Amino acid sequence: MARAATRPKKQDDACSATALRNRWSIIFHHVAKFVGCHSVMKARNESGMGEADILNDTRTLYTEQQGSSFIFEGCWLILRSCPKFMEGMSSQGGGSRTSSVDAIASEERQRPVGQKGSKAGLVDDKEDTRILKQ
1 MARAATRPKK
11 QDDACSATAL
21 RNRWSIIFHH
31 VAKFVGCHSV
41 MKARNESGMG
51 EADILNDTRT
61 LYTEQQGSSF
71 IFEGCWLILR
81 SCPKFMEGMS
91 SQGGGSRTSS
101 VDAIASEERQ
111 RPVGQKGSKA
121 GLVDDKEDTR
131 ILKQ
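In UniProt numbering, the protein residues as written are 1 to 134.
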């Protein structure tokens with residue numbers, strides 16, 4: 001038994017769900033910070049800057065803000081096409097549209113009857129038919 005406990009872990013052993021969740025949270029945190037830096041650099045929209053220049057400036061900004069270099073660039077290259085990490089998602093759309101008081105009043109409708117209300121209505125209907133039969 002003691003021998004099995006000291007056996008090295010095989011390469012194909014599965015990681016636990018908790019370990020994967022913890023690793024994902026670390027990757028997610030750093031990639032989200034990098035995406036924020038990248039969107040700041042893209043928003044500058046400097047003339048003559050290509051994607052490579054923007055990426056270099058993004059790395060520099062990330063290092064200045066976080067105090068360490070960005071080590072998940074491979075992950076970012078995969079994740080940047082995912083909706084959660086797409087730039088501009090949070091900056092699009094702004095507040096809600098306002099409407100006048102008249103528009104709200106005209107749109108006001110009666111709510112549909114819920115379960116309790118419909119059951120109470122059935123009981124009332126039964127009482128009405130019982131009274132009518134008498």
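Idealized CB from N, CA, C, for every residue including glycine.
Computed from a predicted structure; not experimentally measured.
Next on the checklist: Just to confirm the assignment, what range does the alpha helix (DSSP H) spanning R59 have?
Outcome noted: Counting from one through the sequence shown, the residue named residue 59 turns up at place 59. First-last of the alpha helix (DSSP H) with R59: 51–66.
Checklist entry - With a Cβ-Cβ cutoff of 7 Å, do F34 and F70 count as a contact? => result Along the sequence shown, read from residue 1 onward, the residue named residue 34 stands at position 34. Along the sequence shown, read from residue 1 onward, the residue named residue 70 stands at position 70. Yes, they are a contact pair.
Checklist entry - Okay, do the region 57–71 and the region 30–45 touch, 3+ Cβ pairs below 8 Å being the bar? => result yes
Item to check | Coil, strand or helix - N45 by DSSP | outcome: For this step, residue 45 is matched to residue 45 along the sequence shown. Coil at N45, not helix or strand.
Checklist entry - What is the residue span of the alpha helix (DSSP H) that K84 lies within? => result Taking the first residue of the sequence shown as 1, we reach residue 84 at position 84. It is not in any alpha helix (DSSP H) - K84 carries neither H nor E in the DSSP assignment.
Checklist entry - Grouping DSSP H, G and I as helix and E and B as strand, with all else coil, what is A14? => result As a working mapping, residue 14 is identified with position 14 in the sequence shown. Residue state, collapsed to three classes: coil.
Checklist entry - If we call anything under 7 Å between Cβ atoms a contact, is L79 one with F85? => result Within the sequence shown, the letter at position 79 stands for residue 79. Within the sequence shown, the letter at position 85 stands for residue 85. Yes, Cβ-Cβ distance for L79 and F85 is below 7 Å.
Item to check | Integer-rounded CB distance, given that Y62 should sit under 8 Å from C82 | outcome: Residue numbering aside, residue 82 sits at position 82 when the sequence shown is read from its first letter. Residue numbering aside, residue 62 sits at position 62 when the sequence shown is read from its first letter. Incorrect: roughly 19 Å between the Cβ atoms, too far for contact.
Checklist entry - Are I54 and M41 closer than 7 Å when you measure CB to CB? => result Residue 54 sits at position 54 when you count from the first residue of the sequence shown. Residue 41 sits at position 41 when you count from the first residue of the sequence shown. A contact, by the Cβ cut-off of 7 Å.
Next on the checklist: Output needed for R109: all residues of its chain with C-beta closer than 6 Å, excluding positions within five of it in sequence on either side, in chain order.
Outcome noted: Reading the sequence shown from its first residue, position 109 is the one you call residue 109. Taken in chain order, the list of residues that qualify is empty.
Checklist entry - So what's R111 in DSSP terms, helix, strand or just coil? => result To locate residue 111, count along the sequence shown from 1; it is residue 111. Correct three-state label for R111: coil.
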